[in-house]
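Numbering (this note's numbering), first residue to last: 2 to 259.
Accompanying notes for the structure given below.
Okay, structure coming up:
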């Protein structure tokens, strides 16, 4: 079985409780759910959040309202949370979608699942430097379990890097998409206030429905001034001094252990 796990919590530091922000009457996480429901080849959709009062109270209502499942797990280790959720829902493969990406591409996600199963992979992702916010990733439960048992996963917020940096130990596959998915002009995740402001302008005319990749893409192609609102935001791994070396030290443990 294949399931979508929406990774989300309310303790965001850069934009507090961003999952609860409203985009034309629907919270950010509900926009994510609408697109997740359009992914083909999926048996189950669930929120995977942190087991504390703040998250339980809010996301339990969201899950019930949107007729999806929910799982509460560890705060500090996302790989462990995903393993526990996959076992709980009896999933062999999980699609990781983050709760700050209301325009996650269900078209790309569907293709990733097909490629993942066809090639019998541990980890399948969009190849190259894609637009931040359109992406999802597919993991096998077997691969996640082996990763967890092999190394220190305390930085598994960046779980994809654990797999990418150990491609000799895991069967990875990068799916190449059309050139539009790699347009460096756009950023459609919500990490900071300017991200929210830009996407709020797009969603002001979008009701309760999923949004295809080319609907939002064509909108911003015609309204390029709006896309400039969040263009200067720098990713954490580009901005935090010493972050790359800090993460590398964690990941290198895997090759030593194996």
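In this text, a Cβ means the ideal position worked out from N, Cα and C, and glycines have one as well.
All figures in this text were calculated on a predicted structure; none of them were measured in a lab.
Rounded to the nearest angstrom, the Cβ distance from residue 35 to residue 200 is 14 angstroms, too far for a contact under 8 angstroms.
Straight across, the Cα-Cα distance linking residue 8 with residue 208 is about 24 angstroms. For residue 173, the uninterrupted beta strand (DSSP E) run begins and ends at 173-176, by DSSP. Put simply, of 68, 72, 45 the residue whose alpha carbon is nearest the alpha carbon of residue 57 is 72.
Assignment of beta-bridge partners to residue 194 by DSSP yields no partner. Minimum Cα-Cα distance from residue 2 among the listed residues 156, 235, 176, 90 corresponds to 90. As DSSP reads the structure, residue 48 sits in a beta bridge with 7, 71.
Under the rule that a run must span 4 or more residues, the alpha helix (DSSP H) segments found entirely inside the stretch 54-114 read 54-66, 79-90. Each residue's CA atom was taken as its position, placing residue 47 and residue 176 some 24 angstroms apart. CA-to-CA, the gap between residue 134 and residue 74 works out to about 24 angstroms. Per DSSP, reduced to three states, the secondary structure at residue 162 is helical. Cβ-Cβ separation between residue 37 and residue 98: approximately 6 angstroms, consistent with a contact (criterion under 8 angstroms). Contact between the stretch 222-238 and the stretch 180-200 is present: three or more C-beta pairs spanning the two stretches fall below 8 angstroms. Short of 7 angstroms from the beta carbon of residue 184, and not among the five residues preceding or following it, lie these beta carbons of its own chain, in chain order: 132. Rounded to whole angstroms, residue 216 and residue 222 show a C-alpha spacing of 10 angstroms. Burial is judged here by how many other beta carbons sit within 10 angstroms of a residue's own beta carbon; residue 78 has at least 16 and is buried. Setting aside the 5 residues that flank it on each side, residue 108 is surrounded in the same chain by 214, each with a C-beta closer than 6 angstroms to its C-beta; the list follows chain order.
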